Amino acid sequence: MKKTTDGPASGLCAGASPEARDKARRTVAALAARYPAAVCSLTYDGEPWKLLIMGRLSAQCTDARVNIVCRELFERFPTPRAVADAPLGELEEIIRPCGLYRTKSSDVKEACRMLCDEYGGVLPRTMEECLRFPGVGRKVANLLLGDIYGIPGIVADTHCIRICGRLGFYPETLRDPRKVEAIMSRTVEPAEQSDFCHRLVLFGREVCRARDPRCGSCPLAAEGLCSHADGECSRV
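Here our numbering runs 165 ahead of the position in the sequence shown, where the first position is 1.
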């Protein structure tokens with residue numbers, strides 16, 4: 166499938182209403198009060214190439230598992246060149262617990278080769294260039310650009326899609342990451358988007374969980390931002 170590189174709102178949604186933008190501002194503030202430190206759930210030491218690999222490994226795998234696997238991976242192969250030159254079998258052995266390990270191992274090896282040979286070891290700063298890395302879609306590209314360079318973008322992961330739907334920014338039945346990215350990019354202030362998405366992950370794990378949401382203790386419901394305090398939100 167050809168990766169799209171056009172902007173986040175390319176014909177998918179109209180501009181957000183003043184009411185939606187106001188609700189987004191209040192939601193951002195409530196989450197910031199609950200989680201002052203908006204940290205990436207993929208634990209890395211600030212080296213961009215490591216987040217590139219971790220983002221690829223996170224597909225259909227928990228961040229906790231990726232963090233465990235990457236501790237061993239980065240200890241054995243401490244530079245992107247080392248990963249690029251590593252025997253594929255050794256990468257597969259380490260990456261196996263993340264699932265889809267053959268494809269992921271091949272992808273991270275090639276991504277590190279590209280990073281070293283085509284970008285001089287420096288992570289590119291554009292969506293179009295990030296999408297060139299194998300296995301990297303808009304979700305991971307927005308994570309990279311936001312966390313490394315502070316470039317606005319919505320990381321439309323499972324937490325973002327579920328929570329923003331429950332909050333009423335779009336129908337809860339909407340599951341298309343591209344459309345969610347478009348809608349929320351128009352709704353959340355650009356400067357807040359990266360931290361907002363990090364906080365949604367924390368909030369989604371602690372409170373607004375998929376199958377057992379803790380609606381009664383939800384700070385957003387307490388602020389009148391969510392109508393599901395009765396616990397009747399969708400379990401998806």
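Glycine included, each C-beta is placed from N, C-alpha and C at the ideal position.
Since the structure is predicted, the reported quantities are computational estimates derived from the model, not experimental observations.
For a test of the three-state rule: what should DSSP assign to residue i, helix, strand or coil?
i	result
residue 250	helix
residue 255	helix
residue 167	Note that residue 167 scores a pLDDT of 37, beneath 50, so its modelled location is shaky; the value from the coordinates is reported in the next line. Here residue 167 sits in coil by DSSP.
residue 245	helix
residue 308	helix
residue 260	helix
residue 333	coil
residue 359	helix
residue 352	helix
residue 320	coil
residue 343	helix
residue 173	Because the pLDDT of residue 173 is 48, which lies under 50, any placement of that residue in the model is unreliable, and the question is left without a value.
With a cut-off of 8 Å on the beta carbons, I'd call residue i and residue j a contact; round off their distance for me.
i	j	result
residue 199	residue 378	Going by Cβ atoms, the distance from residue 199 to residue 378 rounds to 15 Å, so no, they are not a contact pair.
residue 371	residue 190	Residue 371 to residue 190, Cβ: 22 Å. No contact.
residue 287	residue 218	At roughly 15 Å, the Cβ-Cβ gap does not stay under 8 Å, so residue 287 and residue 218 are not in contact.
residue 234	residue 222	7 Å
Exercise. Does the pairing of the segment 238-245 with the segment 295-306 give three or more beta-carbon distances under 8 Å?
Worked result: Fewer than three Cβ pairs drawn from the segment 238-245 and the segment 295-306 lie within less than 8 Å of each other, which leaves the two stretches out of contact.
For this session: May I ask you to verify whether the segment 186-206 touches the segment 383-392, counting CB pairs closer than 8 Å and requiring at least 3?
Result: Contact check between the segment 186-206 and the segment 383-392: three or more CB pairs, one atom from each, fall below 8 Å, which counts as touching.
Problem set entry | Touching by the beta-carbon criterion (3+ pairs, under 8 Å), the segment 335-345 and the segment 309-325 | Taking one beta carbon from each stretch, the segment 335-345 and the segment 309-325 have 3 or more pairs nearer than 8 Å; the two touch.
Problem set entry | Residue ranges of each alpha helix (DSSP H) within the segment 186-233, 4 or longer | You should have 213-222.
For this session: Please determine if the segment 239-257 and the segment 270-284 are in contact, where contact requires at least 3 C-beta pairs separated by less than 8 Å.
Result: Yes, the segment 239-257 touches the segment 270-284.
Problem set entry | Contiguous beta strand (DSSP E) assignments of at least 3 residues, all confined to the segment 268-297 | None, since the segment 268-297 contains no complete beta strand (DSSP E) of that length.
Exercise. Can you give, in chain order, each stretch of the alpha helix (DSSP H) that sits fully within the segment 366-396 and has at least 4 residues?
Worked result: Listed in chain order, the alpha helix (DSSP H) elements of length 4 or more contained wholly in the segment 366-396 are 384-387.
Exercise. At a cut of 8 Å, does the segment 280-294 reach the segment 328-337 through at least three beta carbon pairs?
Worked result: The answer is no - the segment 328-337 does not touch the segment 280-294, with fewer than three Cβ pairs under 8 Å.
For this session: Answer yes if the segment 306-315 comes into contact with the segment 264-275, meaning at least three C-beta pairs across the two stretches below 8 Å, and no otherwise.
Result: Cβ pair count under 8 Å is below three, so no.
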